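Asker: In terms of the working numbering, the sequence shown is residues -6 to 328. Got a structure here, written out as structure tokens. Questions coming.
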Amino acid sequence: MREAGCGEDKGPWSQSAIAFCRALLSLGRSRCSGIVRVDCERGRSGLVLNDGRIVGLHGPFRAARALGDALIEAGQLDAAAHLEALRADHESDASPDAKLPAGRWLLRHGLASAQSIDRALRLQVEEQLRALLSCEQLRSGFQHVPAQGPGIDDASWPTIADVVFDALTAQVSDSDRRDIAQRLRGRRVRLTKRGESTLGALESDGSNAELMRVLQGGVCFDVAITSAGVERLFVAAERLGFLRDADAAVSGERYRLLLRKRRQLRAGSDAHSLLELDADANAGAARRALRRLARDLHPDGFDADAPPGLRRVAEEVMGDLVAAERHLQEHLRSA
């Protein structure tokens, strides 16, 4: 994972949060195990991964409720029995159960089912990840080490794709939904290859299966929006760069745009020219300009059978455009 700066956007749609989510999803697709260390203004956190699943999140982001309290509130744990088991363990310091993680301890004592514990632990991880994504700057690195999570059964923990998409879709606002509807209305879209593999790994939400079905061969955005859940997934998928035009053969217009940007970069054009902005453009205009160019130039938007050289040029151009937008944002903040 590489450090990513962020623009004026805050929360889950900042550049650093989106870059962090994309890196996490890549680890999930590769079914990695290890620790993702994340630094932000609130301190350092660690996400524990095992076989492409998040089995723990440690750091300054605490869940609002302890596991036992969450289960009691959900009606999945008897408060009196829980208190009695805690008292018995407290009175027996030698008990091997005393140092077990909370989930395994509850299961060992027969106080809650594995399914209810898994669900509560998952909600805690999602809550902590949402808090992490609310930070303005995220810098992360991955270390390949065996994961030792606190879960009951690692195979029952959510995939990285599930946790990331649940965290993102939970924060989709009405403004986000209006924005994507305005930009995609009347357009035929489909998932990129990376988007298909990522959404195909989701296990938790029926909206995922619905979205995959309607986007298999490309569909008009207006027709695809059959529920609020699908619309939220659309927002997350679009912000992550997982959508492209359904008729995304390399059109002459896209090809000319790519060549023009490459010539501008080689000529040393400034950020305003690269992003096609007026001299007095503000941060919001710069952010929208980058998104507009990314829809046509992002390498994931080209078919898998597009010439490799074309995709390499698109990767280089998009990297330079992102750097130009970041430079412009920093200049505007310091002005």
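Backbone N, C-alpha and C fix where the C-beta goes; we use that ideal spot for every residue, glycine too. In this text the structure is predicted, and so the values were computed from the model without any measurement.
Spatial neighbours of S266 within its chain, please: C-beta separation below 8 Å, excluding the five flanking residues on both sides.
Answerer: If you number the sequence shown from 1, residue 266 lands on position 273. Excluding residues within five positions, the ones whose Cβ falls inside 8 Å are Q257.
Asker: Specify the secondary structure class of I47 as computed by DSSP and reduced to three states.
Answerer: Position 54 of the sequence shown, counting from 1, holds the residue named residue 47. In this structure, I47 counts as strand in the three-state DSSP scheme.
Asker: Tell whether a beta-carbon distance below 8 Å holds between R46 and I153.
Answerer: Along the sequence shown, one-based indexing puts residue 46 at 53. Along the sequence shown, one-based indexing puts residue 153 at 160. Closer than 8 Å, so yes.
Asker: Would you kindly work out how many angstroms separate the C-alpha atoms of I145 and Q117, rounded to a whole number?
Answerer: The residue given as residue 145 occupies position 152 in the sequence shown. The residue given as residue 117 occupies position 124 in the sequence shown. Because I145 sits at a pLDDT of 42, beneath the cut-off of 50, its placement in the model cannot be relied upon, and the point is left open.
Asker: How far does the beta strand (DSSP E) with Q136 in it extend, from its first residue to its last?
Answerer: Translated into the one-based positions of the sequence shown, residue 136 becomes position 143. Unbroken beta strand (DSSP E) run through Q136: R132 to Q136.
Asker: Do you know how far the Cα of I65 is from the Cα of R319?
Answerer: Position 326 of the sequence shown, counting from 1, holds the residue named residue 319. Position 72 of the sequence shown, counting from 1, holds the residue named residue 65. When rounded, the distance between both Cα atoms is 47 Å.
Asker: Does DSSP classify Q322 as helix, strand or coil?
Answerer: As a working mapping, residue 322 is identified with position 329 in the sequence shown. Helix, per DSSP.
Asker: Which of the three DSSP states, helix, strand or coil, is assigned to C14?
Answerer: Numbered from 1 along the sequence shown, position 21 holds the residue referred to as residue 14. Here C14 sits in helix by DSSP.
Asker: Please return the same chain residues whose Cβ sits closer than 7 Å to the Cβ of E323, not counting the five positions on each side in sequence.
Answerer: As a first step, residue 323 must be located in the sequence shown, where it is residue number 330. Nothing meets the Cβ criterion.
Asker: Along the chain, where does the alpha helix (DSSP H) that runs through D71 open and close?
Answerer: Here residue 71 refers to the residue found at position 78 of the sequence shown. First-last for D71: undefined, no H or E at that position.
Asker: Tell me where the alpha helix (DSSP H) around R97 begins and ends.
Answerer: As a first step, residue 97 must be located in the sequence shown, where it is residue number 104. Its alpha helix (DSSP H) spans residues A95 to R101.
Asker: Pop quiz: H102 and A78 are said to be a contact at Cβ under 8 Å. What is the actual Cβ separation, rounded to whole angstroms?
Answerer: For this step, residue 102 is matched to residue 109 along the sequence shown. For this step, residue 78 is matched to residue 85 along the sequence shown. Between A78 and H102 the Cβ distance is about 5 Å, and since that is below 8 Å, they are a contact.
Asker: Mind checking whether L125 and D155 have CB atoms under 8 Å apart?
Answerer: Taking the first residue of the sequence shown as 1, we reach residue 125 at position 132. Taking the first residue of the sequence shown as 1, we reach residue 155 at position 162. No. Outside cutoff.
Asker: Does the beta-carbon of P151 have 16 or more other beta-carbons within 10 angstroms, so that it is buried, or is it exposed?
Answerer: Residue mapping note: residue 151 aligns to position 158 of the sequence shown, counting from 1. Looking at its Cβ environment, which holds 16 or more other Cβ atoms inside 10 Å, P151 is buried.
Asker: My output table needs one value for D263: the three-state DSSP class, helix, strand or coil.
Answerer: On the sequence shown, position 270 is the one that residue 263 refers to. Residue state, collapsed to three classes: coil.
Asker: Mind listing, in chain order, the continuous alpha helix (DSSP H) runs of no fewer than 4 residues lying wholly within the stretch 164 to 238?
Answerer: Entirely contained in the stretch 164 to 238, the alpha helix (DSSP H) runs reaching 4 residues are, in chain order, 167 to 177, 186 to 192, 199 to 207, 214 to 217 and 221 to 232.
Asker: Looking at C-alpha atoms only, which residue of D293, D238, K254 and L251 is the closest neighbour of V182?
Answerer: Locating residue 182 in the sequence shown gives position 189, counting from the first residue. Comparing Cα-Cα distances from V182 to each of D293, D238, K254 and L251, the minimum goes to D238.
Asker: How many angstroms separate the CA atom of D32 from the CA atom of E119?
Answerer: Taking the sequence shown and counting its residues from 1, the one referred to as residue 32 is at position 39. Taking the sequence shown and counting its residues from 1, the one referred to as residue 119 is at position 126. Roughly 18 Å separates the two Cα atoms.
Asker: Just to confirm the assignment, what range does the alpha helix (DSSP H) spanning G277 have?
Answerer: Walking along the sequence shown from the start, residue 277 turns up at place 284. Counting along the chain, the alpha helix (DSSP H) containing G277 begins and ends at A276 to L290.
Asker: Tell me, please, which residues DSSP counts as bridged to T152.
Answerer: By 1-based counting over the sequence shown, the position of residue 152 is 159. Looking at the DSSP assignment, T152 forms a beta bridge with R46.
Asker: So D111 is in the alpha helix (DSSP H); what residue range does that whole segment cover?
Answerer: Numbered from its first residue, the sequence shown carries residue 111 at position 118. A107 to L126 is the extent of the alpha helix (DSSP H) around D111.
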